[in-house]
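*Asks:*
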Amino acid sequence: IGQAEYDLKKTAKIISEKRKNYAEVLSSLIVEILVKLELPKCRFEIGISETELCENGIDDVEFMISTNVSEPLKPLEKVASGGEISRIMLAIKNILAKKDSVQTLIFDEIDTGIGGEVAVAVGSHLKNLAKTRQIFCITHLASIAVYADNQIKIQKGVEGSSTQTSVFPVTGTERVKEIARMLSGDAESEESLEHAQAMLEKFGG
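Using the numbering used here, the first residue of the sequence shown is number 259, and each one after it goes up by one.
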């Protein structure tokens with residue numbers, strides 16, 4: 259048992275060193291993507307500290323983040339908003355896409371507090387990830403929705419004394435109208451429809 263324990267700890271030390279080396283590389287790659295997803299001042303580090311030997315080795319691993327210049331690094335789970343966590347997950351999944359075995363990913367609130375070029379960047383990263391994974395993304399932004407291969411609309415309505423939720427795909431001209439509605443609230447004006455059609459042609463692919 260003594261020799262087995264010695265060999266186990268030795269192997270755990272080797273794995274720990276590899277983790278620490280790659281943690282720096284992964285942190286840097288994550289920050290590169292987060293900068294494009296409206297987190298330009300963020301710092302991200304993977305903290306690794308030694309703990310007692312267990313089935314996962316001798317490392318206690320924690321994701322640390324600061325989204326503002328004046329704030330110190332803090333545990334991700336304690337300071338990040340839902341939208342920030344979704345964007346961080348999007349960054350990680352893009353980096354690990356070729357290694358990760360998870361086939362279906364769901365992103366909710368990923369568009370919280372973003373718009374313009376950043377929303378386009380988020381949509382582009384989702385589209386890239388969708389090349390190797392099935393992606394479900396709940397969004398209110400047309401600039402993200404246009405990237406979808408299949409767009410589904412969810413709406414609520416009152417029938418009699420109860421509220422009903424309807425779920426249905428939008429395709430063809432109906433999708434153009436839906437994108438126009440998401441853009442300006444107007445699904446009928448010529449300007450909105452032209453803008454929607456142009457976005458679908460540019461980003462829909």
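Cβ atoms here follow ideal geometry from the backbone N, Cα and C, with glycine treated the same way.
On the three-state DSSP scale, how would you describe T362?
*Replies:* Here residue 362 is taken as the residue at index 104 of the sequence shown, counted from 1. Here T362 sits in strand by DSSP.
*Asks:* Measure the Cβ-Cβ separation of E310 and D317 and say whether it is below 8 Å.
*Replies:* Start at 1 with the first residue of the sequence shown, and residue 310 comes out as number 52. Start at 1 with the first residue of the sequence shown, and residue 317 comes out as number 59. Cβ atoms of E310 and D317: not closer than 8 Å.
*Asks:* Straight-line CA distance for L331 to R301?
*Replies:* Start at 1 with the first residue of the sequence shown, and residue 331 comes out as number 73. Start at 1 with the first residue of the sequence shown, and residue 301 comes out as number 43. Their Cα atoms are separated by approximately 7 Å.
*Asks:* Quick check: what's the CA-CA separation for A349 versus I306?
*Replies:* Here residue 349 corresponds to residue number 91 of the sequence shown, with the count starting at 1. Here residue 306 corresponds to residue number 48 of the sequence shown, with the count starting at 1. Near 20 Å, if we compare the C-alpha coordinates of I306 and A349.
*Asks:* Within 10 angstroms of the Cβ of V283, are there 16 or more other Cβ atoms? Answer buried if so, exposed if not.
*Replies:* Numbered from 1 along the sequence shown, position 25 holds the residue referred to as residue 283. So V283 ends up on the exposed side.
*Asks:* Based on the DSSP output, what are the partners of K411 in its beta bridges?
*Replies:* If you number the sequence shown from 1, residue 411 lands on position 153. Answer by DSSP bridge pairing, in chain order: F426.
*Asks:* Taking the alpha helix (DSSP H) that R391 falls in, what are its first and last residues?
*Replies:* On the sequence shown, residue 391 is found 133 positions in, with the first residue counted as 1. Element bounds for R391: n/a, residue is neither H nor E.
*Asks:* By Cβ distance below 8 Å, which residues in the same chain neighbour F426 in space, the five residues on each side in sequence not counted?
*Replies:* Numbered from its first residue, the sequence shown carries residue 426 at position 168. Result list for F426: I410 and K411, in chain order.
*Asks:* If you follow the beta strand (DSSP E) that T269 is part of, which residue opens it and which one closes it?
*Replies:* Position 11 of the sequence shown, counting from 1, holds the residue named residue 269. Not the beta strand (DSSP E): T269 falls in the alpha helix (DSSP H), residues G260 to K294.
*Asks:* Rounded to whole angstroms, what is the Cα-Cα separation between A338 and E417?
*Replies:* The residue given as residue 338 occupies position 80 in the sequence shown. The residue given as residue 417 occupies position 159 in the sequence shown. If you take the alpha carbons of A338 and E417, they lie about 39 Å apart.
*Asks:* Kindly list the residues whose CB is nearer than 8 Å to the CB of L266, restricted to its own chain and excluding five residues on each side of it in sequence; keep chain order.
*Replies:* Mapped onto the sequence shown, residue 266 falls at position 8. Excluding positions up to five away in sequence, the list reads L311.
*Asks:* If you check the beta carbons only, do Y405 and L387 fall under 8 Å apart?
*Replies:* Taking the first residue of the sequence shown as position 1, residue 405 is located at position 147. Taking the first residue of the sequence shown as position 1, residue 387 is located at position 129. Contact flag unset, no.
*Asks:* Would a C-beta distance cut-off of 8 Å place M347 and A400 closer than the cut-off?
*Replies:* For the purposes of this step, residue 347 is identified with residue 89 of the sequence shown, where counting begins at 1. For the purposes of this step, residue 400 is identified with residue 142 of the sequence shown, where counting begins at 1. Not a contact, by the Cβ cut-off of 8 Å.
*Asks:* Where does K351 sit, in a helix, a strand or coil, going by DSSP?
*Replies:* One-based indexing of the sequence shown puts residue 351 at position 93. Note: K351 maps to helix in three-state DSSP.
*Asks:* Please state whether DSSP places E449 in a helix, a strand or coil.
*Replies:* The count along the sequence shown starts at 1 and reaches residue 449 at position 191. Helix.
*Asks:* Bridge partners for T421 per DSSP, in chain order?
*Replies:* Translated into the one-based positions of the sequence shown, residue 421 becomes position 163. V416, per the DSSP bridge assignment.
*Asks:* Would you say the stretch 320–331 touches the stretch 371–379, given that touching needs at least three Cβ pairs under 8 Å?
*Replies:* No: the two stretches stay apart, fewer than three of their Cβ pairs being nearer than 8 Å.
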